[in-house]
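In full-length UniProt numbering, the protein residues as written are 1 to 124.
Every residue gets a Cβ at the ideal spot worked out from N, C-alpha and C, and that includes glycine.
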């Protein structure tokens, strides 16, 4: 049982070298921003290969899509980087506790989380 040639082309790994998992950093909003009425969390992905990393957001275990903005992947010396932000108003920021960025890169996934109560971003 052999696959036809066309199918073999689609099954190959990209030729861009070894798979490198993304380094993921999750940055909470600043206290100044929260006191100003909004909160933006940033999920930064860097140093991965091949391209194709996808970030998604969860608040207290529930996926959210509203307020999410993701950048396109940028390549430098064969490694890729991208970012995703989640912007909430102050009320929604105060409502949640655990904010998570979930990253899927081919067959590997990882999660970075911040706890609002540990950020020092409480309303004054």
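Nearest by alpha-carbon distance to residue i: which of the options is it?
i, options, result
"residue 38", "107, 51, 50 and 92", "92"
"residue 55", "87, 24 and 78", "24"
"residue 75", "94, 34 and 46", "46"
"residue 109", "35, 17, 53 and 44", "53"
"residue 87", "95, 94 and 67", "67"
"residue 94", "44, 107, 40 and 65", "40"
"residue 120", "30, 65 and 17", "30"
"residue 42", "65, 107 and 28", "28"
Please list, in chain order, all residues of the same chain as residue i whose beta carbon is under 6 angstroms from its beta carbon, the five residues on each side excluded.
i, result
"residue 19", "none"
"residue 111", "100 and 102"
"residue 51", "73 and 80"
"residue 89", "38"
"residue 58", "100"
Using 10 angstroms around the beta-carbon of residue i, count the other beta-carbons present and answer buried if the total reaches 16, otherwise exposed.
i, result
"residue 115", "exposed"
"residue 62", "exposed"
"residue 69", "exposed"
"residue 77", "exposed"
"residue 71", "exposed"
"residue 84", "buried"
"residue 82", "buried"
For chain C, find out if any of its Cβ atoms is closer than 9 angstroms to the Cβ of residue i; answer yes or no.
i, result
"residue 94", "Within the model displayed, chain C is absent; a lone protein chain is all it includes."
Excluding five sequence neighbours on each side, which residues of the same chain lie with their C-beta closer than 7 angstroms to the C-beta of residue i?
i, result
"residue 48", "20, 21, 22, 79, 80 and 105"
"residue 65", "none"
"residue 32", "none"
"residue 17", "49 and 78"
Can you find the residues in the same chain that come closer than 8 angstroms, C-beta to C-beta, to residue i, ignoring five residues on each side of it along the sequence?
i, result
"residue 97", "60, 115, 116 and 117"
- Query: Where are the beta strand (DSSP E) runs, 3 residues long or more, that stay fully inside the UniProt domain "Ig-like" (22–112), in chain order?
  - Reply: Taking only runs of at least 3 residues, the beta strand (DSSP E) segments lying wholly in the UniProt domain "Ig-like" (22–112) are 23–27, 38–48, 53–59, 62–64, 68–70, 74–76, 79–89 and 98–105.
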